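Worksheet: one structure, shown below.
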Amino acid sequence: MGPLRLWILTLAVSALGSLSASALEWATTRISVEAAPEQESFEGVFAFTNTGDKTVTIDSVRSSCGCTVPALTKHEYAPGESGEIKAVFTFGTRTGPQRKTIAVMTDEQGAERVDLVLEVSIPSLIEVNPFFVFWRKGDSPIEAKTIEVRVSDPTLIAPVSVESPSESFATELRPTDDPAVFQLAITPLSTETAGNTHFLIKTNYPPNNPRVIRVYAGIR
175 MGPLRLWILT LAVSALGSLS ASALEWATTR ISVEAAPEQE SFEGVFAFTN
225 TGDKTVTIDS VRSSCGCTVP ALTKHEYAPG ESGEIKAVFT FGTRTGPQRK
275 TIAVMTDEQG AERVDLVLEV SIPSLIEVNP FFVFWRKGDS PIEAKTIEVR
325 VSDPTLIAPV SVESPSESFA TELRPTDDPA VFQLAITPLS TETAGNTHFL
375 IKTNYPPNNP RVIRVYAGIR
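The following block contains the structure:
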């Protein structure tokens, strides 16, 4: 082996040797759950213990998304001391599989970043198709366009009303032969002026904070 190749190999071995595992031992670094239909947020708790012989300082705890807020009661942990990081994920309008990451860095020499992962499957209570309907400017005759509103469980949730800041459209929310499907019929009073507006489809679930779906209509 030539001097140059030996030098490169020595550098590689040295670099690998400089990386060391953190003294923080985690009970788990991944939490996977299925949210209940009425849930609006989830709190994951990641517990750890300092198994080393020196005090460890957690320098930073950063979330991959503004919807997930991590909390740490303090930053320094003596040998043998335990702690936890709480991460609250607020769902908002998200549905389906969600993956959020909390990156943790310590002051340990050579220690790698630890990624704490929250995986939450959020049930879809209500779906609409399409989200936007439109008419061409000057269209005549003016005909209603419909948006389909489908609920996951008609015994649990249903659309109950429609509101809009605009008085330029007439709306009618009506059931169909399928108890899980409703139709929102939207009709512009005139197509002479271009413009867009939104409609809020209000539901009856959850009782304390019913879901609201936003859809749109416009004249182009």
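Count the sequence shown with my numbering and you get residues 175 to 394, in order. Backbone N, C-alpha and C define an ideal beta-carbon position, used for all residues, glycine too. These numbers come from a predicted model, not from an experiment.
Within 10 angstroms of the Cβ of residue i, are there 16 or more other Cβ atoms? Answer buried if so, exposed if not.
| i | result |
| --- | --- |
| ASN224 | buried |
| LEU363 | exposed |
| GLU280 | A quick correction: the sequence has Thr, not Glu, at residue 280. Buried, by the Cβ-count rule. |
| SER206 | exposed |
| PRO339 | exposed |
| PHE306 | exposed |
| SER196 | buried |
| ALA210 | exposed |
| ALA261 | buried |
| THR242 | buried |
| PRO315 | exposed |
| VAL278 | buried |
Select from the options the residue whose C-alpha is nearest the C-alpha of residue i.
| i | options | result |
| --- | --- | --- |
| THR329 | GLU366, VAL355, LYS311 and ALA195 | VAL355 |
| GLY270 | VAL278, ASN383 and SER326 | SER326 |
| SER238 | GLU341, PRO333, GLN272 and ILE300 | GLN272 |
| VAL302 | ARG388, GLU337, PHE263 and GLU250 | ARG388 |
| ILE375 | ARG324, ARG310 and PRO315 | ARG324 |
| GLU317 | ASP289, ARG394, THR229 and THR365 | THR365 |
| ARG287 | ASN382, TRP200, PRO384 and TYR390 | TRP200 |
Determine the contact status of residue i and residue j, defining contact as a CB-CB distance below 8 Å.
| i | j | result |
| --- | --- | --- |
| GLY392 | ASN378 | no |
| ILE259 | PHE216 | no |
| VAL336 | ILE276 | no |
| ALA158 | GLU341 | For residue 158 there is no data in the structure shown, the boundaries of the chain being 175 and 394. |
| GLY218 | LEU292 | yes |
| PHE222 | GLY257 | yes |
| ALA344 | THR361 | yes |
Does DSSP put residue i in a helix, in a strand, or in coil?
| i | result |
| --- | --- |
| ARG357 | Note on residue identity: the sequence assigns Gln, not Arg, to residue 357. Three-state DSSP puts GLN357 in a strand. |
| ILE316 | coil |
| THR272 | Per the sequence presented here, residue 272 reads as Gln, with Thr not at that position. Three-state DSSP puts GLN272 in a strand. |
| ALA201 | coil |
| ILE321 | strand |
| LEU330 | coil |
| VAL243 | strand |
| VAL288 | strand |
Legend entry - Given 8 Å, three or more beta-carbon pairs between the stretch 338-350 and the stretch 293-313: no
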